[in-house]
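This report concerns only the one structure given below.
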Amino acid sequence: MFSKKNNKIQILEPFSERYTLFIDSNMMAANVTMNSKTRMRWEFTVHRVAEDYLEISLLQLENTLIESDNPMIQDISSMSQAFGKMYSELHLIIDHEGKVLEVLNMDLILDKWGIAKKEMEKAIEHSPEAKEILILNDEIFKDKEKVKLAIGANDFLNLYFPYAYGKSLPYSNGDIVTNNFLNSNTLQWKTKVNSKEIDNATGGVYKVEVLAKPHGILTRSWHQKAYKNFEKVLDIKKLEANIVKASNYTIAIATGRLLEVSSTNEEVADKEKLYTKMRYIMKADHKDADIAKKSPEFTKKLEKTKRDGKMSFLIDDM
Numbered sequence: 002m003f004s005k006k007n008n009k010i011q012i013l014e015p016f017s018e019r020y021t022l023f024i025d026s027n028m029m030a031a032n033v034t035m036n037s038k039t040r041m042r043w044e045f046t047v048h049r050v051a052e053d054y055l056e057i058s059l060l061q062l063e064n065t066l067i068e069s070d071n072p073m074i075q076d077i078s079s080m081s082q083a084f085g086k087m088y089s090e091l092h093l094i095i096d097h098e099g100k101v102l103e104v105l106n107m108d109l110i111l112d113k114w115g116i117a118k119k120e121m122e123k124a125i126e127h128s129p130e131a132k133e134i135l136i137l138n139d140e141i142f143k144d145k146e147k148v149k150l151a152i153g154a155n156d157f158l159n160l161y162f163p164y165a166y167g168k169s170l171p172y173s174n175g176d177i178v179t180n181n182f183l184n185s186n187t188l189q190w191k192t193k194v195n196s197k198e199i200d201n202a203t204g205g206v207y208k209v210e211v212l213a214k215p216h217g218i219l220t221r222s223w224h225q226k227a228y229k230n231f232e233k234v235l236d237i238k239k240l241e242a243n244i245v246k247a248s249n250y251t252i253a254i255a256t257g258r259l260l261e262v263s264s265t266n267e268e269v270a271d272k273e274k275l276y277t278k279m280r281y282i283m284k285a286d287h288k289d290a291d292i293a294k295k296s297p298e299f300t301k302k303l304e305k306t307k308r309d310g311k312m313s314f315l316i317d318d319m
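In our numbering, the protein residues as written are 2 to 319.
Right, here's the structure in full:
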């Protein structure tokens, strides 16, 4: 729903939908290339819609590495899939911006970790490098608040909610601080989010556009810290990183259900030797179902046109 009073997009009613996400990753780090394509699928159910929160379930149906050109990626993917099983069944209370407020099936998640931990303890004897991972995750699963934060970093939730939902649109934000995409230094972002409504003969959608870039100029010292590990193969003093995040959302006006999102994360420090480019495309299985439901605004326009005796097929022009 899009409220004319506060210009906020929100999910309006319970629904269940399956989504497919494709992730294309292209990375060059000095002489090491890592290119891959991954397919993930989820079943997302909104059980209840309240004024301040949503009750949802999220089931991961698939996490498949389709292509890769580096054995390291396969190892990372296998480990990711193993840990992903802990969070493959989620029953949550979230706010309308997607923030996790409560984990309703916390006991199940902790029980899954107990089983996985025993399996990993057996493997440590032959794989000492797994010990640090075991210790790190054991610390997380001892603290329910840390588990909640880990769940909040879920790929699906992070792609679905953060920019388009529950905020007054349009808006700009210069306060977000995260790591850069190469995860080597912190970065303050300047984010701009715009939206527009598009009506057609079957209903309407919101188009939400997101553009995020570093807030201000990246200094020499920032580059020095971010790319220090590559100083033997690159002249860091000459680097001028280009970092950008761009996303586009298509959301049904009638229900607030996400139909499709595409997002690109790029960090290019050197066009030939040091960069990472991530492309995400997620679509609902029944992408056109909600568009056919007429939004209140669309229905009013259609009824007025009929009363005035000026029926037109150019609904976009009304």
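Just so it is clear, CB atoms sit at the ideal spot from N, CA and C, and this is done for glycine as well.
Remember, it's a predicted structure, so these values are computed and weren't measured experimentally.
Do W223 and N184 come within 8 Å of each other at the CB atom, strictly closer than that value? no
Between the Cα of Y88 and the Cα atoms of L240, N155, I177, A31, which residue gives the shortest distance? N155
Which residues bound the alpha helix (DSSP H) around D156? 156-161
Report the three-state DSSP secondary structure of V101 (helix, strand or coil). strand
What span of residues does the alpha helix (DSSP H) with E146 cover, start to end? 145-153
Could you say which of K238, P215, R19 lies nearest to K226 if we only look at CA atoms? K238
Whole alpha helix (DSSP H) runs in the segment 182-254 with 4 or more residues, listed along the chain? 221-227
Check G175 in the structure and name its three-state DSSP category. strand
Can at least three beta-carbon pairs, one atom from the segment 188-202 and one from the segment 275-287, be found at a separation below 8 Å? no
Where do the ends of the beta strand (DSSP E) carrying K288 lie? Element bounds for K288: n/a, residue is neither H nor E.
Reference S17; option with closest CA among L137, I136, R40, T256: T256
CA-to-CA distance, R258 to I199, given in whole angstroms: 15 Å
Considering only residues of the same chain and omitting the five flanking positions on each side of L240, which have a CB-CB separation below 7 Å? H224, Y228, A270, D271
Below 7 Å, is the gap between the Cβ of D289 and the nearest heavy atom of the ligand NAD? The model on display carries no ligand, and the ligand NAD is accordingly not part of it.
Suppose the cutoff is 7 Å on Cβ atoms and the five residues either side in sequence are ignored; what does the same chain contact list for S196 look like? L170, P171, Y207, K208, V209
Which word fits H97, buried or exposed, when buried means at least 16 other C-beta atoms lie within 10 angstroms of its C-beta? buried
According to DSSP, is F299 helix, strand or coil? Reliability of the predicted coordinates at F299 is poor, the pLDDT of 48 falling under 50, and the value obtained from them is presented with this limitation in mind. F299: helix per DSSP, three-state reduction.
What does the Cβ neighbour count give for E273, buried or exposed, with the cut at 16 atoms within 10 Å? exposed
Secondary structure of L13, DSSP reduced to three states: coil
Per DSSP, what kind of secondary structure is E273 in: helix, strand or coil? coil
Exposure label - N181; buried when at least 16 CB within 10 Å: buried
Assuming G153 contacts V101 (C-beta within less than 8 Å), just tell me the rounded distance between them. 4 Å
Would you be able to state if there are at least three C-beta pairs under 8 Å between the segment 15-34 and the segment 273-282? yes
Collapsed DSSP secondary structure at K6 in the structure displayed: Note that K6 scores a pLDDT of 44, beneath 50, so its modelled location is shaky and nothing firm can be said.
Just to confirm, are V333 and I110 a CB contact at a threshold of 8 Å? Beyond the ends of the chain as shown, which are 2 and 319, falls residue 333; an answer cannot be given.
According to DSSP, is D53 part of a helix, a strand, or is it coil? coil
My assumption, with CB atoms under 8 Å, is that N106 sits in contact with G85. Please give the rounded CB distance. Going by Cβ atoms, the distance from N106 to G85 rounds to 16 Å, so no, they are not a contact pair.
Output needed for Q11: all residues of its chain with C-beta closer than 7 Å, excluding positions within five of it in sequence on either side, in chain order. M2, H97, Y166, G167, G257
Determine the DSSP secondary structure at L22, reduced to helix, strand or coil. strand
Separation of T34 from S69, as counted between CA atoms: 10 Å
Y164 - partner residues in DSSP beta bridges: Answer by DSSP bridge pairing: none, since Y164 is not bridged.
Can you check which of these residues, S173, E267, L158, A242, is closest to W43 by C-alpha distance? L158
What separation, rounded to the nearest whole angstrom, lies between the Cα atoms of A83 and I244? 31 Å
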